[in-house]
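Notes follow once the structure below has been shown.
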Amino acid sequence: GYEYDALEPHVDAKTMEIHHSKHHQSYVDKLNGAVKGTEFEDMDVNEILKNLDKVPEDIRTAVKNNGGGHANHSFFWQVIGPDSKVSGSVADAINEQFGSFDKFKEDFTAAAVGTFGSGWAWLVVDNGKLSIISTSNQDTPISEGKVPVLEIDLWEHSFYLLYQNRKPDYIAAWFNVI
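Note that the working numbering gives residue 112 to position 127 of the sequence shown, counting from 1, and the numbers run on in steps of one.
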């Protein structure tokens, strides 16, 4: 919904282009290949992820990994953007749950920095309450019955061109585009 350079200087255009047109597209293509000819072929990816136990075992890992990659990225593009600011009911809920946006930012940053290897940090609704979690690889809280509110992609492809090994700098910059 925005140009690849719209998040600069926080996220560079080349990273956005590769991230969206190569990485995300690969997840879509591989998911489509895995479910082709099955009852899941025309199903919404989030519905598939909510019902992974119904996916045949021989394609379940491919569906989990690539479906998760597709769903996670589809949501990611929606929670970041130019001139973004957390406001309204989301900001109110964050302030109520964490005491302040600064405390949420501190807790979320700790979860993101503490995520080992590739994965995601999330703000989710879990049993009616906001909580911060992290997931590995392309695992998604959707599969656990949680509702994503915000997320940050912690795979190196999301930040390495601009931030190299400085993941904390990328996380700090992300707060400027949510």
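Yeah, the Cβ is synthetic: ideal placement off N, Cα and C, and Gly gets one too.
Per DSSP, reduced to three states, the secondary structure at Ala97 is helical. For Val13, the enclosing alpha helix (DSSP H) has its first and last residue at Gln10 to Val20. Assigned with DSSP and collapsed to three states, Leu135 falls in strand.
Under DSSP, Ser128 shares a beta bridge with no residue. Spanning the alpha carbons of Phe160 and Gly52 requires a straight line of approximately 26 Å. The alpha carbon of Val98 has as its nearest neighbour, out of Phe61, Arg151, Ser85 and Ala78, the alpha carbon of Arg151.
Counting only the Cα atoms, Ile65 lies some 17 Å from Phe89.
In the DSSP assignment, Gly54 falls within the unbroken alpha helix (DSSP H) covering Glu42 to Val64. The beta carbon of Lys49 is closer than 7 Å to those of Leu37 in its chain, skipping five residues each way along the sequence.
Taking C-alpha positions only, Asn112 is separated from Leu139 by approximately 25 Å. In this structure, Ile117 sits away from Phe101, with a CB-CB distance that is not shorter than 8 Å. Between the alpha carbons of Gly84 and Leu(-8) lies a distance of about 28 Å. Here the alpha carbon of Phe60 sits roughly 20 Å from the alpha carbon of Lys114. Rounded to whole angstroms, the Cβ separation of Met1 and Tyr12 is 16 Å, and the two are not in contact under 8 Å. Following the DSSP letters along the chain, one finds Ile118 inside the beta strand (DSSP E) bounded by residues Lys114 to Ser121.
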